[in-house]
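Heads up, the thing below is written out as structure tokens.
What follows is the structure in structure tokens.
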């Protein structure tokens, strides 16, 4: 929507401010005005942040004039940043009432989206009313869900090894095929022995399995903000994990120089992670993985192509993504785990000592205290040696 099309004077003024720091005209982009960054240093907003600022303008346009908003919110841009206006605006935004797509209206915003809205509010408050300390909405951090206690993990592992070794379920029981069961048990076994995250689990390849399945190599991602280290860095720097992600991701608009320095010091103290961390596999895990490799081999052999067969986890049924036997993507892996654990909880209900397993892999992973091997196992990696199980 063009600036002149906004109905309220306050929103038109706000759009004029955003136009200076994130102009919609591509020819003016390089000459855009900076905003105060970390330590007060001027920085130019990124293209992504510019789109987010315009998104916020649209949200204010849809909010002003609603009965929840004060009437004076339509007068000046400064009125938009009073608590009388911000409080109902935040409530409407969180409830999804200010979405731009009609069919999505009423669907609550995710925590990540709310964080973006709050960050943009902070930026625009500093531009519209720089002389005032604006009370911004508080973004509550979600409580971490309970993890699996050690006793429940021990029972889980014993039952897992039993099911993998003896085939405790009948084929197709509870709507899960033998193949799906084999994949689930291997996935859970590796998570219990490594504490791997969903993305790391999804990235496993055949060559990440040591000869004899004695160990598995987990590839730790080394991008700007390694997810496996955010919590460690945050704990050492004594800051929120979100601040760590902002610093390592270069999003410094709302990060103080002191926080940035603490995070960077923590990163330096921890040092880099090895590209691959090797973890020993217990006997029950080796059984589970070996069963899965046998199933996997049969599925992959049916593929009409010979390349691209290195992924450890493959699909078992044809889908929109392709035929059975192609690499399972991260999102599909997460869904497969959730479905499988739901079935597992039904099957194990009433078993002595059994507690329902959490249906999110993150809760299971956070309960694991796996210690990696000091180095790669003797003999190195052997993809070919494990393919045949």
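In this note's numbering, the protein residues as written are 193 to 581. Note that the Cβ used here is the ideal one computed from N, Cα and C, for glycine as well.
**OP:** Enumerate in chain order the residues of its own chain whose CB-to-CB distance from residue 596 is below 7 Å, with the five nearest sequence positions on each side excluded.
**Re:** Shown here, the chain extends from 193 to 581; a query on residue 596 therefore has no answer.
**OP:** Answer yes if the stretch 197 to 217 comes into contact with the stretch 312 to 322, meaning at least three C-beta pairs across the two stretches below 8 Å, and no otherwise.
**Re:** yes
**OP:** Measure the Cβ-Cβ separation of residue 200 and residue 257 and say whether it is below 9 Å.
**Re:** Taking the first residue of the chain shown as position 1, residue 200 is located at position 8. Taking the first residue of the chain shown as position 1, residue 257 is located at position 65. Yes. Within cutoff.
Original post:
Measuring CA to CA, which of 569, 458, 490 and 410 is closest to residue 427?
Top reply: As a first step, residue 427 must be located in the chain shown, where it is residue number 235. That would be 458, whose Cα lies nearest to the Cα of residue 427.
**OP:** Drop a sphere of 10 angstroms on the beta-carbon of residue 202, count the other beta-carbons inside from all chains shown, and report buried for 16 or more, exposed for fewer.
**Re:** Reading the chain shown from its first residue, position 10 is the one you call residue 202. Classification for residue 202: buried.
Original post:
At what residues does the alpha helix (DSSP H) containing residue 221 begin and finish?
Top reply: On the chain shown, position 29 is the one that residue 221 refers to. No alpha helix (DSSP H) contains residue 221, which DSSP labels as neither H nor E.
**OP:** State the DSSP-derived secondary structure class of residue 548, mapped to helix, strand or coil.
**Re:** Walking along the chain shown from the start, residue 548 turns up at place 356. It is coil, neither helix nor strand.
**OP:** Could you name the residues of the same chain whose beta carbon sits closer than 6 Å to that of residue 530, not counting the 5 residues immediately before and after it, in chain order?
**Re:** Working through the chain shown from its first residue, we reach residue 530 at position 338. Counting only Cβ-Cβ distances below 6 Å, and skipping sequence neighbours, we find 551.
Original post:
In the DSSP assignment, what residue or residues form a beta bridge with residue 519?
Top reply: Sequence index remark: in the chain shown, residue 519 carries index 327 (1-based). Partner(s): 506.
**OP:** Would you mind listing the alpha helix (DSSP H) stretches within the stretch 398 to 459 that are 4+ residues and don't spill past its ends, in chain order?
**Re:** 422 to 429 and 433 to 440
Subject >> Per-residue DSSP class, three states only, for residue 199 >> reply: On the chain shown, position 7 is the one that residue 199 refers to. Three-state DSSP puts residue 199 in coil, outside helix and strand.
**OP:** Label residue 198 either buried or exposed according to how many other C-beta atoms from any shown protein chain fall within 10 Å of its C-beta, with 16 as the threshold for buried.
**Re:** As a working mapping, residue 198 is identified with position 6 in the chain shown. Buried.
**OP:** Classify residue 514 as helix, strand or coil using the three-state DSSP reduction.
**Re:** Here the question's residue 514 lines up with position 322 in the chain shown. Note: residue 514 maps to strand in three-state DSSP.
**OP:** Measuring alpha carbon to alpha carbon, tell me which of 380, 218 and 253 ends up nearest residue 478.
**Re:** The residue given as residue 478 occupies position 286 in the chain shown. For the residues 380, 218 and 253, the minimum Cα distance to residue 478 belongs to 380.
**OP:** Taking residue 558 as the reference, give the member of 273, 421 and 387 with the closest Cα.
**Re:** In the chain shown, the residue the question calls residue 558 occupies position 366. Nearest of 273, 421 and 387 to residue 558, Cα basis: 387.
**OP:** Mind checking which residues open and close the alpha helix (DSSP H) that includes residue 309?
**Re:** Translated into the one-based positions of the chain shown, residue 309 becomes position 117. Unbroken alpha helix (DSSP H) run through residue 309: 303 to 320.
Subject >> Between the CA atoms of residue 290 and residue 284 - distance to the nearest angstrom >> reply: Residue numbering aside, residue 284 sits at position 92 when the chain shown is read from its first letter. Residue numbering aside, residue 290 sits at position 98 when the chain shown is read from its first letter. Going from the Cα of residue 284 to the Cα of residue 290 covers about 6 Å.
Original post:
How many Å lie between residue 473 and residue 452 at the Cα?
Top reply: By one-based count along the chain shown, residue 473 stands at place 281. By one-based count along the chain shown, residue 452 stands at place 260. About 39 Å.
Original post:
Roughly how far, in whole angstroms, is the beta-carbon of residue 168 from the beta-carbon of residue 447, given that I think they are within contact range, below 8 Å?
Top reply: This structure gives no information on residue 168, because the portion of the chain shown stretches from 193 to 581.
Subject >> Nonlocal neighbours in the same chain, by C-beta distance under 7 Å from residue 564, ignoring five residues either side >> reply: By 1-based counting over the chain shown, the position of residue 564 is 372. Around residue 564: 469, 470 and 471.
Subject >> Selection from 279, 247, 261 and 273 that minimises the alpha carbon distance to residue 293 >> reply: Working through the chain shown from its first residue, we reach residue 293 at position 101. Among 279, 247, 261 and 273, the Cα nearest to that of residue 293 is on 247.
Original post:
Taking DSSP as the reference, what is the three-state secondary structure of residue 468?
Top reply: Looking up residue 468 in the chain shown gives position 276. Residue 468: strand per DSSP, three-state reduction.
Original post:
Are the beta-carbon atoms of residue 485 and residue 515 separated by less than 9 Å?
Top reply: Position 293 of the chain shown holds residue 485. Position 323 of the chain shown holds residue 515. Not closer than 9 Å, so no.
Subject >> Nearest-angstrom Cβ-Cβ length linking residue 408 and residue 398, presumed shorter than 8 Å >> reply: The count along the chain shown starts at 1 and reaches residue 408 at position 216. The count along the chain shown starts at 1 and reaches residue 398 at position 206. The pair is not a contact, with the Cβ atoms about 11 Å apart (cut-off 8 Å).
Original post:
Does DSSP put residue 235 in a helix, a strand or coil?
Top reply: As a working note, residue 235 is residue 43 in the chain shown. It is a strand residue.
Original post:
In whole angstroms, what is the alpha-carbon distance linking residue 241 and residue 508?
Top reply: Walking along the chain shown from the start, residue 241 turns up at place 49. Walking along the chain shown from the start, residue 508 turns up at place 316. If I take the Cα positions, the gap works out to 40 Å.
Original post:
To which residues does DSSP link residue 228 through a beta bridge?
Top reply: Position 36 of the chain shown, counted from the first residue, corresponds to residue 228. Bridge partners of residue 228: 234.
Subject >> Same chain only: Cβ atoms within 7 Å of residue 244, ignoring 5 sequence neighbours per side >> reply: The residue labelled residue 244 in the question sits at position 52 within the chain shown. Same-chain partners within the cutoff: 308 and 312.
Subject >> Cα-Cα separation, residue 274 to residue 526 >> reply: What you label residue 274 is simply residue 82 of the chain shown in a count that begins at 1. What you label residue 526 is simply residue 334 of the chain shown in a count that begins at 1. Straight-line Cα distance between these residues: approximately 42 Å.
Original post:
For residue 306, which residues of its own chain have a beta-carbon under 8 Å away from its beta-carbon, when the five flanking residues on both sides are left out?
Top reply: As a working mapping, residue 306 is identified with position 114 in the chain shown. So the qualifying residues of the chain are 285, 286 and 331.
Original post:
Among the residues of its own chain, which have a CB less than 8 Å from the CB of residue 279, if the five just before and after it don't count?
Top reply: Translated into the one-based positions of the chain shown, residue 279 becomes position 87. Taken in chain order, the residues that qualify are 329.
Subject >> Helix, strand or coil at residue 331 according to DSSP, with G and I counted as helix >> reply: Numbered from its first residue, the chain shown carries residue 331 at position 139. In this structure, residue 331 counts as coil in the three-state DSSP scheme.
**OP:** Can you say whether residue 327 is buried or exposed, counting buried as having 16 or more other CB atoms within 10 angstroms of its CB?
**Re:** Mapped onto the chain shown, residue 327 falls at position 135. Residue 327 comes out exposed.
Original post:
At which residues does the alpha helix (DSSP H) containing residue 477 begin and terminate?
Top reply: Walking along the chain shown from the start, residue 477 turns up at place 285. Unbroken alpha helix (DSSP H) run through residue 477: 475 to 493.
Subject >> Contacting residues, own chain, Cβ-Cβ under 8 Å from residue 462 (five flanking each side not counted) >> reply: What you label residue 462 is simply residue 270 of the chain shown in a count that begins at 1. Closer than 8 Å at Cβ, skipping near neighbours: 421, 424, 425 and 428.
Original post:
Can the beta-carbon of residue 492 be found less than 9 Å from the beta-carbon of residue 501?
Top reply: Numbered from its first residue, the chain shown carries residue 492 at position 300. Numbered from its first residue, the chain shown carries residue 501 at position 309. Yes; because the gap between Cβ atoms is below 9 Å, this pair is in contact.
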